[in-house]
Structures are given as C-alpha cells and as structure tokens.
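Counting from 1, one number per residue, gives the positions in the sequence shown under full-length UniProt numbering. Each residue gets a CB set at the ideal place from its N, CA and C atoms; glycine is no exception. None of these values were measured; they are calculated from a predicted model. Please read the structure below before turning to the comments.
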Amino acid sequence: MLSTTVYNLKGEKSGKMELLSKVFGVKINPKLIQFVVQAQRANAHVPYAHTKDRSEVSGGGKKPWKQKGTGSARQGSIRSPLWRGGGVTFGPSKLHNTQQKINKKEKKLATAMALSDKLSSELLIVVDSWEGLNGKTKEMFTLLNKLTVKNSSVLIVSGKLDDKLQRASKNLKKSNNTTADSIGVTSLLKYKFLVIDKAGIEVLIKRLN
Numbered sequence: 001m002l003s004t005t006v007y008n009l010k011g012e013k014s015g016k017m018e019l020l021s022k023v024f025g026v027k028i029n030p031k032l033i034q035f036v037v038q039a040q041r042a043n044a045h046v047p048y049a050h051t052k053d054r055s056e057v058s059g060g061g062k063k064p065w066k067q068k069g070t071g072s073a074r075q076g077s078i079r080s081p082l083w084r085g086g087g088v089t090f091g092p093s094k095l096h097n098t099q100q101k102i103n104k105k106e107k108k109l110a111t112a113m114a115l116s117d118k119l120s121s122e123l124l125i126v127v128d129s130w131e132g133l134n135g136k137t138k139e140m141f142t143l144l145n146k147l148t149v150k151n152s153s154v155l156i157v158s159g160k161l162d163d164k165l166q167r168a169s170k171n172l173k174k175s176n177n178t179t180a181d182s183i184g185v186t187s188l189l190k191y192k193f194l195v196i197d198k199a200g201i202e203v204l205i206k207r208l209n
C-alpha cells in the first residue's frame with residue numbers, strides 16, 4: 001500500500017492516507033496514455049469544415065463542348081476541380097468519420113497511470129474535506145499558496161458537487177473544479193497539480209479498481 005500526507009483547510013498536515021497500489025502505483029506506459037488522449041480528442045471533435053467534391057457540386061451533367069475540333073482542351077464536366085466553381089480535391093469533409101474506439105479498460109488504466117504519475121511527482125495533494133469553506137476566492141487562494149500550488153495550474157476535485165467549493169475556485173486563474181467521477185486522463189494531464197479531498201480519493205479507487 002502507498003500513502004500520502006493529508007492536509008486540513010488551513011494548509012497544515014493532519015495525518016496520512018493509504019492509497020491503493022492498483023490505482024496510484026501503476027507502471028506508466030506513455031504510448032497508451034497518448035493513444036487514449038488522442039482518441040478522446042478525436043471523439044470530441046465536431047467536423048464543421050466542409051467542401052464539396054465533384055460529386056456534390058450541382059450541374060455539369062453535359063459535356064461542355066465536343067471532344068475534338070474546338071481548339072480547346074478536352075473537358076468532360078464543369079464540375080471538374082480544374083474549373084472555377086467546380087469540386088474541391090482533398091478538401092475538408094464533415095462526412096469523414098474521426099471517431100476512434102477506446103476500451104473501458106484502456107481508459108481506466110490510462111487514468112490510473114496519470115494519477116500514479118501525479119503521486120510519484122509529488123503533484124497530488126489530499127485534503128481532509130472541503131466542508132468548512134466559506135465560498136470566498138481569497139480563502140482558496142490562501143490555501144493553495146500554503147500547499148505550494150502558487151502560480152501553477154491546478155485541478156481541484158471533490159467527492160461530490162460542492163457549491164461553496166465551486167464559488168471559491170471559479171475565479172482562480174489556471175484552475176478548474178470538478179468531481180472525482182468525471183475526471184479522466186486528459187484533464188489530469190492538462191493541469192500540473194491535483195488537489196482532492198479524501199472522499200474524492202475513495203470515489204477514484206471505487207471507479208478504477
């Protein structure tokens with residue numbers, strides 16, 4: 001079993017918490033993490049850009065002029081990419097499917113690897129509970145400074161939705177607030193520090209074990 005220091009809302013050490021090795025002590029595979037992140041980004045992509053190819057452009061059913069005898073180059077259709085207003089060759093298409101399949105096991109494993117990296121790099125900070133916050137940004141800013149998260153990007157996580165935590169953290173620069181049941185490898189890699197309460201740790205262990 002692994003363990004980490006637990007802090008209270010004053011930024012003081014209040015004890016230790018054991019962490020499951022299957023979630024926080026996983027051997028890191030950069031290729032798997034890269035695959036999952038790229039697949040998630042591809043699946044979130046909405047293809048807006050679109051150009052018509054020659055099969056989609058209207059008109060051009062008739063040959064512009066006869067094959068021989070005009071002195072002009074032979075042409076078969078005004079929909080040809082060679083013509084102004086014709087189809088586009090190799091342009092972006094919203095019909096192109098960018099979806100990539102990811103197994104649930106791969107997603108869980110990649111998330112566990114990101115958590116393991118945070119712990120081994122001393123970028124994972126656990127607090128007792130978020131209960132007791134007054135919802136003021138200044139209070140959260142002071143706490144993060146005491147936890148050595150000053151001027152760094154931070155993902156603030158709770159075991160369940162907490163209105164006061166959201167209010168206290170929403171105006172902080174380079175930070176985001178979410179719940180433990182919704183974080184994944186992409187959000188973990190986006191922020192340098194992970195500050196999470198004990199309830200959030202329990203949710204992650206239940207999710208990923």
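Classification of lysine 13 by the beta-carbon crowding that lies within 10 angstroms, buried from 16 upward: exposed
Residue from Leu9, Ser187 and Gly11 whose Cα sits closest to the Cα of alanine 112: Ser187
Between the CA atoms of lysine 104 and isoleucine 28 - distance to the nearest angstrom: 17 Å
Nearest-angstrom Cα separation, counted from valine 57 out to arginine 84: 11 Å
Bridge-paired residues (DSSP) for isoleucine 183: Answer is none; isoleucine 183 lacks a bridge partner.
Separation of serine 152 from leucine 123, as counted between CA atoms: 11 Å
Three-way DSSP call (helix, strand, coil) for glycine 15 in this model: strand
Tyrosine 7 - partner residues in DSSP beta bridges: Lys13 and Val127
Separation of glycine 76 from lysine 63, as counted between CA atoms: 5 Å
Supposed close pair valine 23, leucine 204 - CB separation, criterion 8 Å: 6 Å
Beta-carbon separation (whole angstroms), valine 154 vs leucine 165, contact threshold 8 Å: Valine 154 to leucine 165, Cβ: 13 Å. No contact.
The stretch 88-99 touching the stretch 41-58, judged by at least three CB pairs closer than 8 Å: yes
DSSP-derived helix/strand/coil call for asparagine 43: helix
Where valine 57 sits in the DSSP three-state scheme: coil
CB-CB length for alanine 110 against leucine 32, believed under 8 Å: 6 Å
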